[in-house]
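Notes for the one structure printed next.
Residue numbers (my numbering), protein chains in the order written: chain R, 114 to 347; chain D, 472 to 824; chain L, 9 to 218; chain X, 10 to 193; chain Z, 352 to 1156.
Set out below in structure tokens:
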């Protein structure tokens, strides 16, 4: 029961409350750079997710043996190793998406969300929770990527899931949806400035939802607490 | 019996922000007339379109923000922004471009930053830049001056064109834009830039009819119109002299040096002054107090920087005109300029004589 | 202090070794597959610009290194050679259009021995999406216009975009990108024509290691 | 082979850097926690204990260790904002349980009722009460922080908290607070 | 320096940055002569009308005063006296709304004129040069002259400065619109003004005297020129009209080109500035021995039928002046501004009196001044910065003020703002900038004060902590030594050193000590202490000490110096540490006051004890009543804790009164020592039963009863207490009279009272339980009566018991 609660809280934190993309604003560089289409966003999201889960699990597993002073280099080593592996694997098996993600794949190493989680959570918690945290944070991050990608793709190209087959195989060509037929593309959405604006709007929407939720929540009247007397003699 | 309580001072100059805005709007008229004379009804249609959209979106945001609609909606700032945006539009750009631009200017650039007085960027220029990079095709549908058109078009044609993409007679934008000599129209700045990239010299390039007899057919008169409007504002004290002065001076100096060094690659200074949006930028955009520097020294720096940027971007950048980009860059620099040009407070750091 | 130093050094070294080992292992495992993927990609490109039936050699395994200012930049470029019965047929030369709107455009240009263009493809570019990216086959067929253009056309004044009085369309709103590509193709063809005799005699650098 | 070399090289580099870090960790160890001092400096030093800690310093320590920043009632929103700035977190509204009349006050001893029990003297965290057993006590208003800790111990309820009176000297230019005289 | 003089002599002056040209509106009053003095029905004279401190009032209500008689006496150099503007009677001395923007009240003297206008004795001094320098300064101080331009700085301080004065500047700029008081004064009394200037010159010996005057006062210039014809060293400097030329720093800049460094005074750069009206007052004071009792006030504005300048007596209510000039304003909507339109403040009442700094009363018509607030957003037009005479950045300060960014405001030199209002005047967005700055300035000052206070509080807190720590250590040390000695003695005596036995003995001793403390509070714990074991003596000692203290409080013993007087001593020490001599004096004073009061009361005690027994005991009765009340209250509170305690108290029957004390002590101990023990759920029904029985018997088992009481009667506590304090105080009084000197008796009494209170509460509890929760007020009264009776019965019983014991 208690463990369940903990997982619930972890999921809530990762997916919404402390979302790495929207709240912690970590890993903005790939977030803004590759989200011009859903397919790209999904590719990077999944790669990040994979690395995050693996690194969290590993960091958690080795946490007892890592001295405080060298923990960061070790985390970096682990993350770098995973990222390189993922990159190699993607190169080998999803060549198309590997090409379109380009430089941003190795840049996952420097995605602060990953080292952030390793430092803030995984290095202090058992493997199960740490992996779960990695999963949730990864999904949260990937979700933001995908939503941003969808926003920009629809506005910029009028499509959704364009090029998904590069990631998911030939069957995914059927996923492509022509949402709007635009005479001319709204280039701003595809260009980096558009990514910033879309991201800003996304954060604003999240904050607005949170505010509304906070307003609807009835104020819990707390009990007044005992005052502590600064009295040395009683 | 109630006594009236207020803070001093108890009397006040009678000028008002909205009056200032109205004056600036009034001053755009000569330029708009010149534009109408040379390029037809297109801009006036765009201006009206932008004004309507801007007011609607301002109304919407103000009511969402629970602001006093009556005073803020008609303080003239939204209308002025819309007019400036409308002036910048190519005459037969599709209607939705202007609408998107006006909404962007008001909602994103102005109100999202906190409304009048809080926007770090000039809304009209930010919207124009947004449109330019988003819809490069639509934003370069320049018309040739009326003297050079191959197909005569009327007000109705223009209206038709803007809203349906073709005139009532079925001419497309492409056809309208064709000169009498068969070339598709570009602005003089664009033409010059293209010619120079293909290896022509300035003298060879400006033989094209778009340059007219002086500098840039039509554009020179439009610029003159805005210059007159600007001088009127200066005379009225509605704008400060520093920014336009240093902007024009800096542009003059830069282009003069370039022209002297390599006359084949650089047109004359007067061409810089009299083409593109130079005068509009100098007197109506750079003088926007909200997004500019505040002190006199700061404004001088601000204008000079803008002039330099206009020259650099026009010459080395990808886009033919540069006023909007230069203004945005300077807007970004304005707070910094302000910090470094802060006047010495009376009684501080007094030099001992 | 010594204990701390020793301990930290040992642990960090251990992790480094372990991590590198994992990466090394993955690399070893995926090496073949990656090579194959790249090869396949190259082959499909080459196949698209030099028809299969025109030659009988494995072009991807027959290449030479070339370097010339005409190829855009002072960089090593690769020319894949097509031969039939040991006779030169065509060469697919990677080249760079340096004056793209957003930097260099990487192209591969296949030129027949008679000087005509067999095909052109864009390998890599950073042109504005929606405008300049029409040089990509995915977005537009424009790049196919080059196929089959003859030497005469190449040498004429008409080898330019329409705006400059030539025969190639520019895209609406963007002149710089097509202009750059047209120019790069012309230069590459010129290079080939100048050096075609020597090209086919250079030593193969591709097939050697496998 | 290359892989092996890579492993070896990285292992060596890591060992070297590990040693360096080990050295640094011993050599440049930082003692103490300056954050607590900074936090303590922001607190109003009323030592009132309303935060649930016996004094301002303990609360500063607690905040440094993750206690919520919104428990200082005498400091009010201003202090919370400053702490938030220092800690790099979002300011929170004052804890509801601490919401109270925040006007500055001073304790006042009703002298007729004072029996001179010295209890309030013992309770005062800043020694702002003077007096002796069986002697009437009095409060040094200038030193009183308004913590009201002396009110509860008083056996005869002769201490009350009085808001600091507004005078022309400490008036804050609040035009709305001006009492407009209603005549006739 | 010489170049400056040359330039001045050539009438080439400097310019200061900014400035504005508001509509002058001086024509309303310039062409009318100053209307002569008019005495109102009542003069209201605020005792402080200047910067600094108020003097001490030296008249009483009902006193007859003569014109020119001082009403206050300066208590410090920064104080100036106020004088009676006419002869009359002091009606009252009370708080009254004064001429301050806050509309707050301060102490004022109300003088009812007798309309005889009788002067006090005056020493007319024809030639001031015969007087010594300090005599003149003294005369100026005595005359109550403070700067009449606006700030109101005591003039005698300004004129009594060290030598090396380069410039004496007479401020005649009067740049504010509407105001013509100085203008008219110069026209009508230029000779006197020049006399005043000469006196100043005599005192200060400046290199040059400059009279700065704006060019919109040609008549005044002419008149001054005429009056100064014979003086070469007085220069009339005509400056272009620009607001705020009259600002001190601005005028100095305009006349001499010097910039007064921020934070310093003009005197630091060899410049003294005086207002023309002040010069006039100086001449009057020195030559005619006339204190500052009247001044010229411009009463202007289009809301008046007859705007004019008036010689107004200090203390004249604004209402009278406005009435003299015939207000046109609607009766229900009034706007009166004291001062000019740029820097004046609105008055919340027209009863506000004219003070020494009042130069104008403005009664605007409705259309004349922009009354409604039309503030819109700042568009950063920068006009405010263009006009700011201090070269500040008003709009940036405005943003920071709104954001309450105090650090930024200080960086922007907010405190160099002179509140001139030029920025707000030109602001096209109609932002009340000055108001923002004032609020920000006040907040910053307040914050600085708070920071200072926090700093001080921290120091005191730490000092106290250190002291207590030290004391505790000393105590433990003492105890340790004592017990060591004891043990040594014991070991010597018994010769048995076995550890087991000593442990048992120690435990026994502890129990004993506890019992001794509990049973007999009167016993000095220090006697019990020696029996204690060293191991746990720390806690026990602390408790014992607390008890001893309490016991003493109950015994009403004279203070033992080492116990209670420690605190004040320490405080004085702490004070000394903080190096604030003034404060330690304050502390000493407070102690003295406390002591005096105590002495007084004891004295009275002694006196009255001989004559009136009831009176005699009243005080001590009060004390014991208070103690008893406190105890009862505490008991009630502590019962909750007692519920944890499983052991009942067997001795209740024996000594109910003592039991109460024991219970209390134990409860306290239990709270501390047995706090971790498991709680035993209290059996309420049983308790109820017992309680009822106890109530019936009236010989309550104090503890249990109290336990019951708390359960139900806590809500009624306040009421009970009220009753108790009313009723029992008197009752105990009578009891105490019987044996007032017997300490034991007194304590017994107190305990009895506590019991009584409990008893009182008991019936209420019963009632409450029967009448559900809520009792109507009338019922309460009935209950109260019952309680009183019960209390009386209980008390009687307690007394009996005491006697039998």
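From the three backbone atoms N, C-alpha and C, an ideal C-beta is built for every residue, glycine too.
Let's test the definition: count the other Cβ atoms within 10 Å of the Cβ of residue 821/Z and tell me whether it reaches 16, buried, or not, exposed.
Working through the fifth chain from its first residue, we reach residue 821/Z at position 470. Exposed: under 16 other Cβ atoms inside 10 Å.
Kindly indicate the opening and closing residues of the alpha helix (DSSP H) around residue 107/L.
The sequence position of residue 107/L within the third chain is 99, counting from 1. Element bounds for residue 107/L: not the alpha helix (DSSP H) but the beta strand (DSSP E), 95-108.
Would you call residue 352/Z buried or exposed, if buried means 16 or more other Cβ atoms sit within 10 Å of its Cβ?
Locating residue 352/Z in the fifth chain gives position 1, counting from the first residue. Around the beta carbon of residue 352/Z, a 10 Å sphere encloses fewer than 16 other beta carbons of the protein chains shown; the residue is thus reported as exposed.
Quick one: what's got a C-beta closer than 8 Å to residue 726/Z's C-beta in the same chain, skipping five residues either side?
Taking the fifth chain and counting its residues from 1, the one referred to as residue 726/Z is at position 375. Cβ neighbours of residue 726/Z beyond the five flanking positions: 780, 781, 782, 783.
Identify which residue in 683/Z, 615/Z, 728/Z has its Cα closest to the Cα of residue 487/D.
The residue labelled residue 487/D in the question sits at position 16 within the second chain. Ranking 683/Z, 615/Z, 728/Z by Cα distance to residue 487/D puts 728/Z first.
Quick check on residue 169/R - is its C-beta less than 8 Å from some C-beta in chain L?
Start at 1 with the first residue of the first chain, and residue 169/R comes out as number 56. It does not: the Cβ of residue 169/R has no partner Cβ on chain L nearer than 8 Å.
Who are the Cβ neighbours of residue 88/X in its own chain at under 7 Å, not counting the five residues just before and after it?
Residue numbering aside, residue 88/X sits at position 79 when the fourth chain is read from its first letter. Closer than 7 Å at the Cβ level, and outside the excluded window around residue 88/X, lie 51, 52, 53, 81.
Under 8 Å, do residue 588/Z and residue 561/Z count as touching if we go by C-beta distance?
Working through the fifth chain from its first residue, we reach residue 588/Z at position 237. Working through the fifth chain from its first residue, we reach residue 561/Z at position 210. Taking 8 Å as the Cβ cut-off, residue 588/Z and residue 561/Z qualify as a contacting pair.
On the three-pair Cβ rule with 8 Å, is the region 600-614 of chain D touching the region 301-317 of chain R?
yes
Checking contacts by CB at 8 Å: is residue 26/X closer than that to chain R?
Locating residue 26/X in the fourth chain gives position 17, counting from the first residue. Yes, its Cβ sits closer than 8 Å to a Cβ of chain R.
Quick one: is residue 634/D buried, meaning 16 or more other Cβ sit within 10 Å of its Cβ, or exposed?
Here the question's residue 634/D lines up with position 163 in the second chain. The residue in question, residue 634/D, is exposed, as its Cβ has fewer than 16 Cβ neighbours within 10 Å.
DSSP bridge partner residues for residue 270/R (one or two, in chain order):
Within the first chain, the letter at position 157 stands for residue 270/R. In the DSSP output, where bridge partners are listed per residue, residue 270/R has none listed.
Where residue 188/L sits in the DSSP three-state scheme:
Looking up residue 188/L in the third chain gives position 180. Note: residue 188/L maps to helix in three-state DSSP.
Any C-beta of chain L sitting closer than 8 Å to the C-beta of residue 142/R?
Counting from one through the first chain, the residue named residue 142/R turns up at place 29. No, residue 142/R does not count as interfacial toward chain L.
Could you spell out the range, first to last residue, of the beta strand (DSSP E) harbouring residue 518/Z?
To locate residue 518/Z, count along the fifth chain from 1; it is residue 167. Note, residue 518/Z: beta strand (DSSP E), 518-523.
Taking only beta carbons into account, state which residues of the region 10-32 of chain L come closer than 7 Å to chain R, listed in chain order.
15, 16, 19, 20, 23, 24, 27, 30, 31
Can you tell me which of 400/Z, 494/Z, 794/Z, 455/Z puts its alpha carbon nearest to the alpha carbon of residue 639/Z?
The sequence position of residue 639/Z within the fifth chain is 288, counting from 1. The shortest Cα separation from residue 639/Z among 400/Z, 494/Z, 794/Z, 455/Z belongs to 494/Z.
Chain-order list of residues whose beta-carbon lies under 6 Å from that of residue 567/Z (same chain, five-residue window excluded)
To locate residue 567/Z, count along the fifth chain from 1; it is residue 216. Contacts found: 592.
Check whether the Cβ atoms of residue 528/Z and residue 693/Z sit closer than 8 Å, and answer yes or no.
One-based indexing of the fifth chain puts residue 528/Z at position 177. One-based indexing of the fifth chain puts residue 693/Z at position 342. Yes; because the gap between Cβ atoms is below 8 Å, this pair is in contact.
Between residue 506/Z and residue 496/Z, which are expected to be in contact by the criterion C-beta below 8 Å, what is the C-beta distance as a whole number of angstroms?
Taking the first residue of the fifth chain as 1, we reach residue 506/Z at position 155. Taking the first residue of the fifth chain as 1, we reach residue 496/Z at position 145. The Cβ separation is near 4 Å, so the contact holds.
Residue 132/L burial status per 10 Å Cβ neighbour count (16 or more: buried)
The residue labelled residue 132/L in the question sits at position 124 within the third chain. It is exposed - the Cβ of residue 132/L has fewer than 16 other Cβ atoms within 10 Å.
Which of the three DSSP states, helix, strand or coil, is assigned to residue 560/D?
Translated into positions along the second chain, residue 560/D becomes position 89. The answer is coil: DSSP assigns residue 560/D none of H, G, I, E or B.
Whole-angstrom Cβ separation of residue 308/R and residue 261/R, contact assumed at under 8 Å?
Translated into positions along the first chain, residue 308/R becomes position 195. Translated into positions along the first chain, residue 261/R becomes position 148. The Cβ separation is near 7 Å, so the contact holds.
Answer yes or no: does any C-beta atom of chain X fall closer than 8 Å to that of residue 135/L?
Position 127 of the third chain, counted from the first residue, corresponds to residue 135/L. Closer than 8 Å: no.
Indicate the three-state DSSP secondary structure (helix, strand or coil) for residue 770/D in the structure shown.
Along the second chain, one-based indexing puts residue 770/D at 299. Assigned with DSSP and collapsed to three states, residue 770/D falls in helix.
Leaving aside the five residues before and after residue 530/Z along the sequence, list all residues of the same chain whose C-beta is less than 7 Å from its C-beta, in chain order.
Position 179 of the fifth chain, counted from the first residue, corresponds to residue 530/Z. Same-chain partners within the cutoff: 649, 691, 710, 711.
Which stretch, first to last residue, makes up the beta strand (DSSP E) that contains residue 692/Z?
Residue 692/Z sits at position 341 when you count from the first residue of the fifth chain. Run containing residue 692/Z: none; DSSP gives neither H nor E here.
Could you check what DSSP says for residue 407/Z in three-state terms: helix, strand or coil?
The residue given as residue 407/Z occupies position 56 in the fifth chain. In this structure, residue 407/Z counts as strand in the three-state DSSP scheme.
Since I believe residue 664/D is in contact with residue 791/D (beta carbons under 8 Å), could you give me their beta-carbon distance rounded to a whole number of angstroms?
As a first step, residue 791/D must be located in the second chain, where it is residue number 320. As a first step, residue 664/D must be located in the second chain, where it is residue number 193. Between residue 664/D and residue 791/D the Cβ distance is about 5 Å, and since that is below 8 Å, they are a contact.
By the 7 Å beta-carbon criterion, what residues does the region 193-211 of chain R contribute toward chain B?
Note that chain B does not occur in the displayed structure, where the protein chains are R, D, L, X and Z.
Assuming residue 400/Z and residue 707/Z form a contact by the criterion Cβ under 8 Å, report the distance between their Cβ atoms to the nearest whole angstrom.
Residue mapping note: residue 400/Z aligns to position 49 of the fifth chain, counting from 1. Residue mapping note: residue 707/Z aligns to position 356 of the fifth chain, counting from 1. Right, the Cβ-Cβ distance comes to about 5 Å (below 8 Å), so this counts as a contact.
On the premise that residue 230/R lies in contact with residue 79/R, defined as a C-beta separation below 8 Å, what is that separation, rounded to the nearest angstrom?
With chain R covering only 114 through 347, there is no way to say anything about residue 79/R.
Span separating the alpha-carbon of residue 141/R from that of residue 134/R:
Your numbering for residue 141/R matches position 28 in the first chain. Your numbering for residue 134/R matches position 21 in the first chain. About 7 Å.
For residue 75/X, decide whether its Cβ has a neighbour in chain R, counting only Cβ atoms nearer than 8 Å.
Taking the first residue of the fourth chain as position 1, residue 75/X is located at position 66. The beta-carbon of residue 75/X is placed no less than 8 Å from the nearest beta-carbon of chain R.
Inter-residue Cα distance where the pair is residue 521/D and residue 619/D:
Residue 521/D sits at position 50 when you count from the first residue of the second chain. Residue 619/D sits at position 148 when you count from the first residue of the second chain. Between residue 521/D and residue 619/D, the C-alpha separation is close to 28 Å.
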